[in-house]
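Protein chains: 2
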Amino acid sequence: MSGRKTIDDVALLAGVSNATVSRVLNNNTPVSAAKRERVLSAVKTLRFRPNTQARLLAGRRPNTVLLVHPVAHHDLTWYFHMLEGGALRGCTQLGFSLQTHMVRADSARRLSKILEPINRRECDGVLLSAPFSDDPDIIRALQAREVPLVLLASGVETRAMAAGVGMDDEAAGVELMTYLLRLGHKRFAFSLGLSEHKSALSRFVGARWALEKAGLASDCVVEVQGGLDFPGGFEACQRVIATGFRPTAMVCANDESAAGAIHAARGRKLSLPDDLTIVGFDDAPFAQLLSPPLTTVAQPIDVMAARAVDILAEIMRGGVPDYETVKPRLVVRESASAA
Amino acid sequence: MSGRKTIDDVALLAGVSNATVSRVLNNNTPVSAAKRERVLSAVKTLRFRPNTQARLLAGRRPNTVLLVHPVAHHDLTWYFHMLEGGALRGCTQLGFSLQTHMVRADSARRLSKILEPINRRECDGVLLSAPFSDDPDIIRALQAREVPLVLLASGVETRAMAAGVGMDDEAAGVELMTYLLRLGHKRFAFSLGLSEHKSALSRFVGARWALEKAGLASDCVVEVQGGLDFPGGFEACQRVIATGFRPTAMVCANDESAAGAIHAARGRKLSLPDDLTIVGFDDAPFAQLLSPPLTTVAQPIDVMAARAVDILAEIMRGGVPDYETVKPRLVVRESASAA
DNA sequence: CTGAAAGCGCTTACAG
DNA sequence: CTGAAAGCGCTTACAG
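If you're matching them up, the sequences are chains A and B in order.
Our numbering puts the first sequence at residues 2 to 340.
Our numbering puts the second sequence at residues 2 to 340.
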């Protein structure tokens, strides 16, 4: 008859009070195994989905997840947009509201800045973006406050400290480099990311490993600091050219810096990809719009952020999930050609 | 003492019942002018913001706005992401949930597809994206069902039919062309958008007007159908070159097609921007990452979508808002140089 | 471990 | 036009 099932329907079918149903749903209070089973099966047969609004209204919690993200020096990036979009999708689905907390990554007071909303008890859980998710001090401070925490795109060092979701960055580096080697490239430039972004660094750990495995000596690559944005990649490419070393392929820490490298190479009248192969990481939305369209490794940051919210919810229910890792996927386009 | 003010605080201060407060807040029931004033002033002095969850729970409406958007043939575009993001921001703020309804624009049954969720009464208002917002039949069908409606980025023809928000596209075309004329360009290529997207067509109406005003004859421009995506711009540029006509500047219907045009020009070994100026519309997030970085006219679609939700809310409250128009803003980068 | 009951902050018939 | 009251679907003290 009625449209949506309520908690009372479930209670009736399971032969318990609605309070008991609520308790097994929230999983934060002891309930006998027998009743738990009956409730769970009733939930399943009725396809019951709790009403988010009622839940929010009745609960005395903020029902908010806090996304801690670095402020960008330049415009808000595609990365942030997709990350926030995924997190918002996850939050909406679970009935949380999302509060985005932008903090300057280079600030001396970044830790106390991050803690402000947590100390004010404005959230029930936090999503920590890179490079904050790479900082053990921040993680420990959050854990000391006993707020559910999920790391996003952190480096390997902190993955043992808390739950989270990130790329298998080393595998991404291996995959991309293996592809370049198969194309016949033997001389490389690496445009490294920021030293605080451990995840980006791991990509080059993987790349170097693949190089070594292929029997290439370490003098087959020149490394420059390229950063993670367009100007960084632009200058990195210019610096590589200035070294006199002539790579046939340039690996950039991400797609934005690869875009900058492309622009710099064009400024030097290089013909792409014939004179220089340029590749990145992320498969950002614009990667296919560059000229030449960029060969890269996909990092589905929106999906990862949505998943991070799920994991956060699991922690709130008392679970102790591990760090999850997503497998890299090579995206072949035109910016890499045979050497 | 207590943190947040409630409707009862307002009622107390205004000397009325909470029901009356609710009525003036929702503005859908007659309330005497005197009480209305008192309530409004109490709301203001207490800085009262109604609790969204309670509102949703108590109301018997779906509290959902429906975003009707065309499915993209290719990947989901930046345009959709920003539009949906802006709409979601607006909805979150007003306590609506957003349901996105993707409909094939080229389907014969697109009207009945669009009407499905409306007929099922799953939403309290609809946001209609282009090119659906250009179709009088769709608009009339929606209006016949008496559902609050806001058009997004429609062409001028339908702007008198319903509330909405869009660019002043003609002004955008005038602004961009005026700039190119000032750079000394005298021979142009126009890569037109899809004929269903009236808004994109208007940009060229403005461009032609500027040309005429500058005293240039109509044979100073060659027009091709370029579409609104990368492949469309790519082919358009190739076709322009095939005509033998040698423009010094190419105006594309949007940034994605401009990116495609850049790639095609590169394929013909043209040096950009020296051999050919290429410009677009939108100032998409990737525009600054192209090589050369794209000169374009900004269309803040996320802001526009958020505003559209506000307008929708105004209609639900009984208002009769007009179509709103946002002014174009020229973004000068490197893809346009002096002729 | 469990139920009966109060309450979260609104909206909306209902009865003037 | 307006108020008293019921009710939206949950959660959580409270009292076993």
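Ideal Cβ placement from N, Cα and C applies to all residues, glycine included.
Segment limits, beta strand (DSSP E) that includes residue i
i: His102 (chain A); result: 98-104
i: Thr65 (chain A); result: 65-71
i: Gln289 (chain A); result: No beta strand (DSSP E) holds Gln289 (chain A); DSSP gives it neither H nor E.
i: Leu331 (chain B); result: 330-332
i: Gln226 (chain A); result: 222-226
i: Glu325 (chain B); result: 324-327
Assumed close pair residue i, residue j - CB separation to whole angstroms, cut-off 8 Å
i: Ala237 (chain A); j: Gly245 (chain A); result: Actually they do not touch by this definition, with Cβ atoms about 15 Å apart.
i: Leu229 (chain A); j: Ala254 (chain A); result: 6 Å
i: Gln239 (chain A); j: Ala265 (chain A); result: 5 Å
i: Asp138 (chain A); j: Thr159 (chain A); result: 10 Å between Cβ atoms; not a contact.
i: Val241 (chain A); j: Val225 (chain A); result: 6 Å
i: Ala250 (chain A); j: Thr278 (chain A); result: 4 Å
i: Leu68 (chain A); j: His102 (chain A); result: 7 Å
Straight-line Cα distance separating residue j from residue i
i: Leu291 (chain A); j: Val280 (chain B); result: 15 Å
i: Glu335 (chain A); j: Ala173 (chain A); result: 19 Å
i: Leu295 (chain B); j: Glu325 (chain B); result: 27 Å
i: Ser42 (chain B); j: Thr78 (chain B); result: 45 Å
i: Cys363 (chain B); j: Leu99 (chain B); result: The shown model of chain B, from 2 to 340, leaves out residue 363 (chain B), and the question about it has no answer.
i: Asp125 (chain B); j: Val44 (chain A); result: 29 Å
i: Tyr80 (chain A); j: Pro118 (chain B); result: 32 Å
i: Ala73 (chain A); j: Ala106 (chain B); result: 37 Å
i: Pro132 (chain B); j: Leu193 (chain B); result: 15 Å
i: Leu128 (chain A); j: Gly185 (chain B); result: 52 Å
i: Glu197 (chain A); j: Leu14 (chain A); result: 54 Å
i: Ala218 (chain B); j: Ile302 (chain A); result: 50 Å
i: Met2 (chain B); j: Asp284 (chain B); result: A caution first: Met2 (chain B) carries a pLDDT of 37, below 50, which makes its placement in the model unreliable, though a value can still be read off. Roughly 48 Å separates the two Cα atoms.
i: Ala59 (chain A); j: Phe235 (chain A); result: 54 Å
i: Arg111 (chain B); j: Gln54 (chain A); result: 33 Å
Min CB distance residue i to chain B below 8 Å
i: Pro51 (chain A); result: no
i: Ala55 (chain A); result: yes
i: Met2 (chain A); result: Model confidence at Met2 (chain A) stands at a pLDDT of 36, short of 50, so the residue's coordinates are unreliable; what they give is reported in the following sentence. So no, Met2 (chain A) is outside the interface.
i: Trp210 (chain A); result: no
i: Glu257 (chain A); result: yes
i: Leu313 (chain A); result: no
i: Arg121 (chain A); result: no
i: Gly126 (chain A); result: no
i: Ser98 (chain A); result: yes
i: Ala260 (chain A); result: yes
i: His82 (chain A); result: yes
i: Leu58 (chain A); result: yes
i: Thr65 (chain A); result: no
Span of the alpha helix (DSSP H) around residue i
i: Thr46 (chain A); result: 34-47
i: Ala15 (chain A); result: 8-15
i: Leu58 (chain B); result: 53-59
i: Cys238 (chain B); result: 231-244
i: Ala201 (chain B); result: 199-214
i: Cys92 (chain A); result: 79-95
i: Met178 (chain B); result: 170-183
i: Leu116 (chain A); result: 111-120
i: Leu26 (chain A); result: 19-27
i: Ala309 (chain A); result: 302-317
Residue-chain proximity (residue i, chain A), Cβ-Cβ < 8 Å
i: Phe282 (chain B); result: no
i: Ala190 (chain B); result: no
i: His102 (chain B); result: no
i: His70 (chain B); result: no
i: Ser130 (chain B); result: no
i: Arg204 (chain B); result: no
i: Gly228 (chain B); result: no
i: Gly86 (chain B); result: yes
i: Leu291 (chain B); result: yes
i: Ile263 (chain B); result: yes
i: Pro286 (chain B); result: yes
i: Phe246 (chain B); result: no
i: Leu89 (chain B); result: yes
i: Thr7 (chain B); result: no
i: Thr93 (chain B); result: yes
> Would the region 316-324 of chain A and the region 140-152 of chain A be scored as touching if the rule is three or more Cβ pairs under 8 Å?
Replying inline: yes
>> With three or more beta-carbon pairs closer than 8 Å as the criterion, would you say the region 303-313 of chain A touches the region 79-91 of chain A?
In response: yes
> Between the region 197-208 of chain A and the region 6-22 of chain B, do three or more beta carbon pairs fall short of 8 Å?
Replying inline: no
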